Amino acid sequence: MTELPELARFAAELPFPLDDFQRRACAALEGGHGVLVCAPTGAGKTVVGEFAVHLALAGGGKCFYTTPLKALSNQKHTDLTLRYGKDRIGLLTGDLSVNADAPVVVMTTEVLRNMLYADSTALQGLSHVVMDEVHFLADRMRGPVWEEVILHLPDEVRLVSLSATVSNAEEFGGWIQTVRGDTTVVVDEHRPVPLWQHVLVGKRLFDLFDYRSDGSAKDKPHVNPELLRHIAHRREADRMSDWQPRRRNPGRPARPRFYRPPARPDVIASLDSAGLLPAITFVFSRAGCDAAVQQCLRSPLKLTTEQERAQIAEVIEHRCGDLADDDLAVLGYYEWREGLLRGIAAHHAGMLPAFRHTVEELFTAGLIRAVFATETLALGINMPARTVVLEKLVKFNGEQHVPLTPGEYTQLTGRAGRRGIDIEGHAVVLWHPSDSTAEPSEIAGLASTRTFPLRSSFAPSYNMTINLVHQLGPEQAHQLLEQSFAQYQADRSVVGLVRGIERGKTMLDEIAAELGGHEAPVLEYARLRARISELERSQARASRLHRRQAASDALAALKRGDIININHGRRGGLAVVLESARDTDDPRPLVLTEHRWAGRISSADYSGATPPVGSMTLPKRVEHRQPRVRRDLASALRSVSRPTIRSKVRARELVAAATLRC
Numbered sequence: 001m002t003e004l005p006e007l008a009r010f011a012a013e014l015p016f017p018l019d020d021f022q023r024r025a026c027a028a029l030e031g032g033h034g035v036l037v038c039a040p041t042g043a044g045k046t047v048v049g050e051f052a053v054h055l056a057l058a059g060g061g062k063c064f065y066t067t068p069l070k071a072l073s074n075q076k077h078t079d080l081t082l083r084y085g086k087d088r089i090g091l092l093t094g095d096l097s098v099n100a101d102a103p104v105v106v107m108t109t110e111v112l113r114n115m116l117y118a119d120s121t122a123l124q125g126l127s128h129v130v131m132d133e134v135h136f137l138a139d140r141m142r143g144p145v146w147e148e149v150i151l152h153l154p155d156e157v158r159l160v161s162l163s164a165t166v167s168n169a170e171e172f173g174g175w176i177q178t179v180r181g182d183t184t185v186v187v188d189e190h191r192p193v194p195l196w197q198h199v200l201v202g203k204r205l206f207d208l209f210d211y212r213s214d215g216s217a218k219d220k221p222h223v224n225p226e227l228l229r230h231i232a233h234r235r236e237a238d239r240m241s242d243w244q245p246r247r248r249n250p251g252r253p254a255r256p257r258f259y260r261p262p263a264r265p266d267v268i269a270s271l272d273s274a275g276l277l278p279a280i281t282f283v284f285s286r287a288g289c290d291a292a293v294q295q296c297l298r299s300p301l302k303l304t305t306e307q308e309r310a311q312i313a314e315v316i317e318h319r320c321g322d323l324a325d326d327d328l329a330v331l332g333y334y335e336w337r338e339g340l341l342r343g344i345a346a347h348h349a350g351m352l353p354a355f356r357h358t359v360e361e362l363f364t365a366g367l368i369r370a371v372f373a374t375e376t377l378a379l380g381i382n383m384p385a386r387t388v389v390l391e392k393l394v395k396f397n398g399e400q401h402v403p404l405t406p407g408e409y410t411q412l413t414g415r416a417g418r419r420g421i422d423i424e425g426h427a428v429v430l431w432h433p434s435d436s437t438a439e440p441s442e443i444a445g446l447a448s449t450r451t452f453p454l455r456s457s458f459a460p461s462y463n464m465t466i467n468l469v470h471q472l473g474p475e476q477a478h479q480l481l482e483q484s485f486a487q488y489q490a491d492r493s494v495v496g497l498v499r500g501i502e503r504g505k506t507m508l509d510e511i512a513a514e515l516g517g518h519e520a521p522v523l524e525y526a527r528l529r530a531r532i533s534e535l536e537r538s539q540a541r542a543s544r545l546h547r548r549q550a551a552s553d554a555l556a557a558l559k560r561g562d563i564i565n566i567n568h569g570r571r572g573g574l575a576v577v578l579e580s581a582r583d584t585d586d587p588r589p590l591v592l593t594e595h596r597w598a599g600r601i602s603s604a605d606y607s608g609a610t611p612p613v614g615s616m617t618l619p620k621r622v623e624h625r626q627p628r629v630r631r632d633l634a635s636a637l638r639s640v641s642r643p644t645i646r647s648k649v650r651a652r653e654l655v656a657a658a659t660l661r662c
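All residue numbers for the sequence shown refer to the UniProt record's numbering, where the first residue is 1 and numbers rise by one.
Structure follows, in structure tokens:
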């Protein structure tokens, strides 16, 4: 241990021994390498990030600790402040700045991205950057920010990437090593607290998988046959039931309503009787979380003792004693407090920060037994529970309702099982006959997929393009985009494309042999037909270019007052030129049509090389943006030599049509 003095000092301060993967990652970091750590939720990979903070402070450098959420940044800031003191730890979350000049600053990833684009002076002396939940780069909306940061960080900065377990960790690590230099990939798939999968059917809790008598799963776990039999009996009972609900619309078939899923208070009560609390129930909407708490409050459900309620009341008073009495009713304080006293709470980003932090403190202390939360709680916030409940396996992604991916399922259920407290964690999915995603086979598919591939969502946005071109110039910006993880993944797939080409060539050779060889008459005929088709397409392209050039020349020659005919498009009809074209390469004269539209037209609006059909005298200054001026000028245009111009236009259209027929 003498060769790694800082790791020895850091490990001596911890209340627990380091796991093997933690020790390997920390040793690589002290050895001057960047590290990518892939481990299950709750395995303790944040210890590696905290060691990066320790190294930066020990070496007199700076460390930025980035997270995807403000709530996670706030929590990490609190944890590091307790360890290193408030003078050495800062916080930047976009709308909150605390001690921003500290040697260690916790921030959201977007804040660091903006610093890099602005070439902030805060980057001076930066030695380490920790990117927590780096697998977030697969997020469709915000994922590209993670790649931008990785690509823009100075080369001398050591990058610590902390990710959930992904199946292509080596590929991801290979990309980081390509763009960042020497990087050690540390993968650990061992979950320190075993996770049991369950399905709740009514009020009965079943194991999802078939386990041996000793509690271990089979080599290839199968769905529990007892669960399948019970669900089959449920369906048969619904089908054979003579009970039919009264329908308002007789012409509409009734839904089977014999089976009703258990109410939320009943679910919590079942978990309580099974010894599976505390539990987090994930509800994929803020309003749904609040409604779940209200539903529990309308029931007689109570999960706390008299002594626990007294402790909860003290924490509430400490956290919220400064709130004005007039605001309490508006904020829903009394209902929220009643829920806490009964051991029930909601947790989501829409809550008042004081309320949310109170819930986090009470849940961590074991005083709250049931929390209804949105999925943001799954992204690293330190609120593990014994059990995680999923009411549905479908969520709204901003555009439509889609099934959960194996990665999302793993992230959510990873909250179950508190290391050092529980010997096992539990994931419970509620079954409903009308929900196809909650079928045991579907749940087993999600639960048995221990890892998932990390796919880049990188796509240049307008903001990114402007920043890159402004900072680097077009050529270097293009080179930087070619270094993205998306491009890396695409390039690695070229091998598969080449193999596909080779297979295609082999197939063509086999077909040619069957037809009599490559010089067979039928193949020669096919080649001639292909050549003719290519010549026809080439001639058509040349004709289109010729017509476009003729139209451009005609537009460039137009003078103020010329009357022209726009023979297609929404602006079709007569028009007078208000201002000649300024650019001869791409002429766009300003015109006013007989329908009162004023604007610039291009060769796409004006086909052919037809000359003006007439002219008219215009005032010295035409205010074409004023409706009255456009109306009067359009009226004058329609009245100037109307019969003569119309006849000229018609004659030219006939000539043009005859030319096309020839």
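Every residue, glycine too, gets a C-beta built ideally from N, C-alpha and C. On a predicted model such as this, the values are computed, not experimentally measured, just so you know.
Query	Result
Residues near leucine 116 in its chain [Cβ-Cβ closer than 6 Å; skip 5 each side]	His152
Host beta strand (DSSP E) of threonine 413 (start-end)	Note, threonine 413: premise wrong, no beta strand (DSSP E); alpha helix (DSSP H) at 406 to 413.
Nearest residue (CA-CA) to proline 278, options Phe396, Arg386 and Arg630	Arg386
Residues near cysteine 261 in its chain [Cβ-Cβ closer than 7 Å; skip 5 each side]	Checking the sequence shown, residue 261 turns out to be proline, not cysteine. These residues qualify, in order along the chain: Leu430 and His432.
Cβ-based neighbour list, leucine 92, same chain, cut-off 7 Å, excluding 5 preceding and 5 following	Ala100, Val105, Met107 and Val111
Under the three-state DSSP convention, the category leucine 303 falls into	coil
Burial state of valine 402 (16 or more Cβ within 10 Å)	exposed
Pairwise C-alpha distance: glutamate 399 and isoleucine 316	38 Å
Terminal residues of the alpha helix (DSSP H) in which histidine 54 lies	46 to 58
DSSP bridge partner residues for histidine 198 (one or two, in chain order)	Asp207 and Val428
Spatial distance of leucine 14 from glycine 425 (CA atoms)	24 Å
Proximity below 8 Å, CB of threonine 405 to CB of alanine 427	no
Residues that asparagine 168 bridges to, as DSSP identifies them	Paired residues: none, contrary to the question.
At least three beta-carbon pairs within less than 8 Å, the stretch 513 to 520 to the stretch 552 to 564	no
Whether valine 389 touches threonine 281 by CB criterion (8 Å)	yes
Beta-ladder partner(s) of glutamate 579, from DSSP	Leu590
Three or more C-beta pairs below 8 Å linking the stretch 158 to 174 and the stretch 31 to 41	yes
Counterpart residues of tyrosine 84 in DSSP-defined beta bridges	In the DSSP output, where bridge partners are listed per residue, tyrosine 84 has none listed.
Per-residue burial, lysine 559 [other beta carbons within 10 Å of its own, 16 or more giving buried]	exposed
Exposed unless 16 or more other CB atoms sit within 10 angstroms - verdict on aspartate 632	exposed
Nearest-angstrom beta carbon gap, threonine 410 and arginine 286 [assumed within contact, 8 Å]	So it is not a contact: roughly 23 Å between Cβ atoms.
Outcome for aspartate 20 when other beta-carbon atoms lying within 10 angstroms are tallied against a minimum of 16	exposed
Per DSSP, cross-strand counterpart(s) of glycine 599	Val591
Which listed residue (Pro384, Phe355 and Leu126) has its alpha carbon closest to that of arginine 369	Pro384
Identity of the residue in Leu200, Asp95, Phe64 and Gln295 nearest alanine 102 by Cα	Phe64
Leucine 271 versus valine 199 - alpha carbon distance	12 Å
Three-state secondary structure assigned by DSSP to alanine 11	helix
Secondary structure, alpha helix (DSSP H): runs of 4+ residues fully inside the stretch 259 to 337	264 to 273, 286 to 297, 306 to 320 and 325 to 328
Whole-angstrom distance between leucine 362 and residue 670, CA atom to CA atom	Nothing can be reported for residue 670, as the shown portion of the chain is limited to 1 through 662.
Selected residue, minimal CA-CA separation from aspartate 119, among Thr304, Leu340, Val149 and Val134	Val149
Three or more C-beta pairs below 8 Å linking the stretch 73 to 85 and the stretch 135 to 150	no
Separation of valine 201 from valine 267, as counted between CA atoms	10 Å
Delimiting residues of the beta strand (DSSP E) encompassing valine 187	183 to 187
With 16 other Cβ atoms within 10 Å as the buried cut-off, status of glycine 417	buried
Distance CB(leucine 29)-CB(valine 47) smaller than 8 Å	no
Arginine 298 versus Tyr333, Asp325, Glu338 and Leu331, residue with shortest Cα-Cα distance	Glu338
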